[in-house]
C-alpha cells in the first residue's frame, strides 16, 4: 500500500476539505525549499522520494493499480500475472518443445504438486493471501501452457481453445469466473492427457482436413496477437501509473512544504511561531551580527479572557498582531513566500499565550527603543471586539546581542528579566536589560527564566533512592528529580523546583521527561526491581498523561508491573472525579499506584477502595520520632495494620535509625526507605549498588500483604 498521504493526494481534490486538512499551496521558489532543508521539522512526513515507488512495475507489485476502476484493475492484474507466467516459465518449455521435441508434462505435474505444498507453507508463514494467490494463479497458467504444448500447441488446431478460453476469461469476465475457467481448462487438459496416455483413449480430430492448415495459421497469429494485446494493455496501464506517481509526488512535495510552513507559523495569529523564533535566534547568533530581542506582554490580557471569553481574547490577539505587523513589516503566513529571507529580516513572532517577540537584525539600543515606542503607539487606538471598544496596554523588555549574551538562551532570559522590570512600572513601559536587574530580580523570576531552558541545557537529572523489603532486601528505587541551576550556580531543592514547575506549566514537559528516563533506567535493572515516579496533580489533569505513560513503557520496554506512580492525597480534594478517571486508565495499563505522604491529607478509605491502590507510603514526619513518641508509633502501627487489612503494601519513608527498622519490622511494614538504608544516588552509583547485592538476580516479587 502507498503511504496515507499519497493515498490522500491521489483522491480527487487532493484530500479532505475539513478544518484539519492541508491544501497544497502555490509553488514557491527554490530558496524556500532550501530553507526547509536547513530548518528540518519533525512533521512525521518522509521525503517524497522515499515514500513513492519509482516505476509502474513497483506500483504493480507493492501498491494499488492507481486510478483505474475496479474492473480495469482486476483485468490488468490478472493479465499481467498470466503474462508473467507465459514469459517466465512458458518460454523455456516452448523452446525445449520446439527444439528437442520433449514433452515435459509428467514432471511438470510433479513440480506442480511440490509448488502447491510450498505455497501452503508460504501462506502459513506470511499470511499474505494476495501474494500466495498471485503465485498460485501463475502456477496454473504455467501448467496450462505445458499441457497445451504437450498436445500440439501451435500446430494442432483441435487444442486452440486451450489458449482462447483462459485469455477470454481473464480479460472479459469477473475474477471468480476467471478462476473457474482456468481450473476447468487445466483439469480438462490433464484429463485428456491422462486418458490418451494411460487410458487407451484416442482423441480423433474434430476439424476437417481441408480447414486444418488455415486454422493452424490462424491459431499461431491469434496467439501472437493475444500476447501483443496483453502487452499493450499493460504498457498503457504502466504509463498511466507513472503519470500518477509523478502527480502524487508533486502533491506530496507541496503538502510536505506546507506542513513545514504550518509548523513554523502560529495557527491563531498567522505570525511565525515559537519554533520559528528559536531557529531565527540561532541563525542570528551563528552569523555573529548584532540584533535586538523585544519581549512584549499585553497588560491585563487575562481580564479580557475572564470577562469576555477566550474567543474574544483570540480575536484581540489577531488584531494586535495585525497592528504590530504595520510597524515591523508583514511576516504572517499569508504574506511570506521566502522563509530563508524571513529568517534574516525583522519579524514578530508569537511565543505563546499573549507573549509576542520581535527580532530586529542589526538594531542598536536606540533603534530598539524607537521600535518599542512605535509598537506601544500602535496599541493606543481602541480595539473593537464583540461589539465593545477595548483599550490595551503592553510592557516591553529589550535585550541586545552581543551586549547581553552570546547565545539564544541567555538573550531570551535577559529579555524576560527586562520584561519583568517593565511590568513592575506603570502600563506601557519599556525596559532595556541591565546587569543589575538580575541581582535585584526576585529569586523566583530568575529560577523561572532558567527553568524554561533547563531541559534543553541538560541541567535536570534523576537520582535513585533504594527501597528495601523488610529492611534488608533490595526491591526497587524511587526516582527523584534534581536540578543544578547554572544561572545561580547552585542546586535547587525539590521543594522549590516542583511548585515552580507546576505554577509555570513546565511540569508537563519535565514530568514526561522524568517518566521516560526512569523507565529507561529501570529497564536495565533486575526483573524483580520496580521504579517509583512521583506524579503531580497538574499531570493527572492533562489529557495526554496516560498516553505519555504508555509511550514511556513502549519505548523503554519496561514491564508495566515494574512501574509505580506515586500520587498525593490532595488531588482528591481538587478534582476527585477527573483524578479517578485518569488513574483508572493508568491501572488498565498494568501500572501500580501508591499514595504518597499518606496520613497528611485527604485520608479517606473510600478512594482507596475505588482506585485499586496497591501501596501506601507513610510520611516521614510520622516515622522520624516514632522511636521516642508513642503517638507517632501508634499512628504508624495503625496505618500498617490498616494497609494489611485492606490487602495493600505499606512503605515507610524517612528511616534513619536502627530503631526505626526494628520497630517497622515488628509492626509488619513491607518496605522501607531512608538515609539509613541508602541515600539518593546517580544511576551509575545505583548500578554499582545492584552489583554489590549478591542476590539481585535471584529476587522475586514480594509476597502479597497478609500472606
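Numbering (our numbering), first residue to last: 3 to 709. We put the beta carbon where it would ideally sit given N, CA and C, even for glycine. These numbers were taken from a predicted model, which means no experiment stands behind them.
Among residues of its own chain, excluding the 5 on either side of residue i, which ones have a beta-carbon nearer than 7 Å to its beta-carbon?
{"i": "residue 690", "result": "none"}
{"i": "residue 658", "result": "676, 677 and 678"}
{"i": "residue 546", "result": "none"}
{"i": "residue 550", "result": "514 and 517"}
{"i": "residue 580", "result": "543"}
{"i": "residue 461", "result": "485, 486, 487 and 488"}
{"i": "residue 418", "result": "297, 399 and 451"}
{"i": "residue 641", "result": "600, 601, 618, 620 and 652"}
Using C-beta distances below 8 Å, list every residue in its chain close to residue i, excluding the 5 sequence neighbours before and after it, in chain order.
{"i": "residue 347", "result": "331, 333 and 363"}
{"i": "residue 548", "result": "584, 587, 588 and 591"}
{"i": "residue 44", "result": "In this prediction, residue 44 has a pLDDT of 37, which is less than 50 and means its spatial position is unreliable; what the coordinates show is noted afterwards. Result list for residue 44: empty, nothing under 8 Å."}
{"i": "residue 290", "result": "404"}
{"i": "residue 629", "result": "635, 659, 661, 662 and 665"}
Leaving aside the five residues before and after residue i along the sequence, list all residues of the same chain whose C-beta is less than 6 Å from its C-beta, in chain order.
{"i": "residue 30", "result": "Legend: pLDDT at residue 30 = 41, less than 50; position of this residue unreliable, value from coordinates given subsequently. So the qualifying residues of the chain are 339."}
{"i": "residue 615", "result": "595 and 597"}
{"i": "residue 654", "result": "620, 625, 666, 671 and 674"}
{"i": "residue 618", "result": "597, 600, 645, 650 and 652"}
{"i": "residue 520", "result": "481, 533 and 535"}
{"i": "residue 694", "result": "none"}
{"i": "residue 566", "result": "532, 534, 594 and 596"}
{"i": "residue 433", "result": "399, 420, 423 and 424"}
{"i": "residue 559", "result": "525"}
{"i": "residue 27", "result": "A caution first: residue 27 carries a pLDDT of 39, below 50, which makes its placement in the model unreliable, though a value can still be read off. Excluding residues within five positions, the ones whose Cβ falls inside 6 Å are 260."}
Considering just the uninterrupted stretch of the alpha helix (DSSP H) at residue i, what are its terminal residues?
{"i": "residue 506", "result": "496–506"}
{"i": "residue 309", "result": "303–310"}
{"i": "residue 665", "result": "660–669"}
{"i": "residue 383", "result": "That residue, residue 383, is in no alpha helix (DSSP H); it is neither H nor E in DSSP."}
{"i": "residue 633", "result": "632–647"}
{"i": "residue 555", "result": "547–558"}
{"i": "residue 278", "result": "276–289"}
{"i": "residue 600", "result": "Per DSSP, residue 600 belongs to no alpha helix (DSSP H); it is in the beta strand (DSSP E), 594–600."}
{"i": "residue 424", "result": "410–425"}
{"i": "residue 625", "result": "622–625"}
{"i": "residue 714", "result": "Residue 714 is absent from the structure shown; the chain starts at 3 and stops at 709."}
{"i": "residue 688", "result": "685–694"}
{"i": "residue 344", "result": "341–346"}
{"i": "residue 540", "result": "539–542"}
For the beta strand (DSSP E) containing residue i, name the first residue and the last one.
{"i": "residue 470", "result": "462–471"}
{"i": "residue 570", "result": "565–570"}
{"i": "residue 361", "result": "357–363"}
{"i": "residue 459", "result": "Counting along the chain, residue 459 falls outside any beta strand (DSSP E), and DSSP gives it neither H nor E."}
{"i": "residue 397", "result": "396–403"}
{"i": "residue 351", "result": "349–354"}
{"i": "residue 433", "result": "432–434"}
Report the CB separation of residue i from residue j in whole angstroms; it is logged as a contact under 8 Å.
{"i": "residue 466", "j": "residue 682", "result": "7 Å"}
{"i": "residue 464", "j": "residue 477", "result": "The pair is not a contact, with the Cβ atoms about 18 Å apart (cut-off 8 Å)."}
{"i": "residue 482", "j": "residue 396", "result": "Their Cβ separation, rounded to whole angstroms, is 41 Å, which puts residue 482 and residue 396 out of contact at 8 Å."}
{"i": "residue 504", "j": "residue 538", "result": "6 Å"}
{"i": "residue 424", "j": "residue 401", "result": "Contact flag wrong, Cβ pair sits at about 12 Å."}
{"i": "residue 454", "j": "residue 508", "result": "7 Å"}
{"i": "residue 319", "j": "residue 356", "result": "7 Å"}
{"i": "residue 351", "j": "residue 275", "result": "7 Å"}
{"i": "residue 327", "j": "residue 281", "result": "Contact doesn't hold; Cβ gap of about 20 Å is too wide."}
Looking at the strands, I want to know which residues DSSP matches up with residue i.
{"i": "residue 532", "result": "478"}
{"i": "residue 674", "result": "470 and 654"}
{"i": "residue 517", "result": "Answer by DSSP bridge pairing: none, since residue 517 is not bridged."}
{"i": "residue 392", "result": "385"}
{"i": "residue 617", "result": "596 and 651"}
{"i": "residue 294", "result": "362 and 402"}
{"i": "residue 527", "result": "DSSP, once it has assigned bridges, lists no residue as partnering residue 527."}
{"i": "residue 487", "result": "492"}
{"i": "residue 300", "result": "396"}
{"i": "residue 267", "result": "274"}
Segment contact, 8 Å Cβ cut-off, at least three pairs: the segment 313–328 with the segment 270–281 = yes
Assess, as a yes-or-no matter, whether the segment 286–304 is touched by the segment 394–408 under the definition of 3 or more beta carbon pairs within less than 8 Å.
-> yes
Pairing CB atoms from the segment 524–533 with CB atoms from the segment 482–491, are three or more of them under 8 Å?
-> no
Should the segment 449–456 be called in touch with the segment 493–502, which here means at least 3 C-beta pairs below 8 Å?
-> yes
Examine the Cβ distances between the segment 305–319 and the segment 244–259 and report whether three or more of them are shorter than 8 Å.
-> no
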